[in-house]
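What follows is a set of notes on a single structure, which appears directly below.
Numbering (my numbering), first residue to last: 9 to 398.
Put into structure tokens, the structure is as follows:
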């Protein structure tokens, strides 16, 4: 086995040996946070992409210890003490590290993230048309639309793409569904059906979902989940009540809570966590959100929270906040950390909240703050909504 310095292994990205990400336009990329592109499933098979020149160039550069500037989102989070998709994948799939360090040519992806389409019933403030079909009409007015159709699909024949994916079924350990909104995608149900038929119900099925609907036509997702051994739901929720209904336009708070209670009653083995996107809109709401869900026992335990710090668009990034507001955020999060300590939260959970403070203070961007206020006013007027700014 190839020997590498410990410092290289600690900074190593395992992604191109274990992970395949396909976006709503069919592009196969290193992950959902980068523009590093290997090819497109619209004109190549997964096998051709996985064994292609572009992914192998990226692999070889990683083995040489070369940091790619397009991986800045992970590096920025890590510099603030925050976990990243790089560190999380390295920890989760470290058993595959020897395979990567030997750069075995016939390795296969074990962790899939395929965004079959951008179909979504919400138009969240921090989102865009590329990830939500509901954004299309607003995006046309703002001239930020991706093409001339509301719904974007990875390919013109997604069922065939699913069959291509299933050719790797014996190696797949995890499938991550995100969106758009995965529970509204027909391809999501088709893939689950195929896994059940192949007796691959031990596959980890993980979601990022707004959990606003549990049904698609005649299909109820709970009927499928009951057949799998490992289901992990990360609920995209940024605040409580009317506030989140403004941030995630189209979401009905009461319906969301009803769906959570239904899942806890009918599928008690499903792991539930909240996954707020930390932005200027909700950074002061995080503590209240976390404590509210924990006290109502809507999440598994106090550590059932995944902090997703928003990087783009930059004017919604918490780094644009002026110093007085940053001080207010810092104080509130520090108070929350005291509560976490009193309730015996893990060190890693406490560090996730500490990392928000560190990340927020990495940069000051007063110009970005002005742009944020203008953007909120523009969307408020467009939608006839009243979401306040900080």
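Backbone N, C-alpha and C define an ideal beta-carbon position, used for all residues, glycine too. Just so it is clear, the structure is predicted and the values come from calculations on it, not from any experiment.
Residue 336 and residue 316 have their C-alpha atoms spaced approximately 20 Å apart. In the structure shown, the three-state DSSP call for residue 179 is coil. In the three-state scheme derived from DSSP, where H, G and I count as helix and E and B as strand, residue 241 is classed as strand.
In this chain, the alpha helix (DSSP H) harbouring residue 81 covers 80-87.
If the five residues before and after residue 287 are omitted, its C-beta is found closer than 6 Å to the C-beta atoms of 134, 318, 324, all from its own chain and listed in chain order.
The beta-bridge partner set that DSSP reports for residue 257 consists of 131. The Cβ neighbour count for residue 378, taken over all protein chains shown within 10 Å, is under 16; the residue is labelled exposed. Of 238, 88, 44, the smallest CA-CA separation from residue 366 is found for 88.
For residue 244 and residue 255, the gap between their C-alpha atoms comes out near 11 Å. The shortest CA-to-CA distance from residue 295 to any of 186, 48, 343 is the one to 343. 8 Å or more divides the Cβ of residue 275 from the Cβ of residue 303. Boundaries of the alpha helix (DSSP H) harbouring residue 360: 355-368, taken from the DSSP string. Residues 202 of the same chain have their beta carbon placed closer than 6 Å to that of residue 174, with the five preceding and five following residues left out of the count. Take the alpha-carbon of residue 55 and the one of residue 307: they are about 39 Å apart. Linking residue 204 to residue 138 through their CA atoms gives a straight-line distance of about 30 Å. Beta-bridge partners of residue 212 (DSSP): 182. For a cut-off of 8 Å, the C-beta gap from residue 118 to residue 61 is around 22 Å, too long to register as a contact. Residue pairing for residue 145: DSSP places it in no beta bridge. The C-beta distance from residue 212 to residue 238 rounds to 5 Å, short enough to fall under 8 Å. Cβ neighbours of residue 153 within its own chain (closer than 7 Å, five residues either side excluded): 137, 144, 147. Contact holds between the region 99-111 and the region 16-33, because three or more Cβ pairs, one in each stretch, are under 8 Å apart.
Straight through space, the alpha carbons of residue 42 and residue 162 are spaced by roughly 17 Å. Here residue 209 has 203, 235, 236, 237 as same chain residues with Cβ atoms under 7 Å from its own Cβ, once five neighbours each way along the sequence are excluded.
For residue 281, the enclosing beta strand (DSSP E) begins and ends at 279-282. Taking residue 338 as the centre and dropping the five residues before and after it, the same chain places the C-beta of 365 closer than 7 Å to its C-beta, in chain order. Within the model, the alpha-carbon separation for residue 91 versus residue 52 is close to 33 Å. For residue 159, the CB contacts under 7 Å within the same chain, skipping 5 residues up- and downstream, are 125, 126, 127, 141 in chain order.
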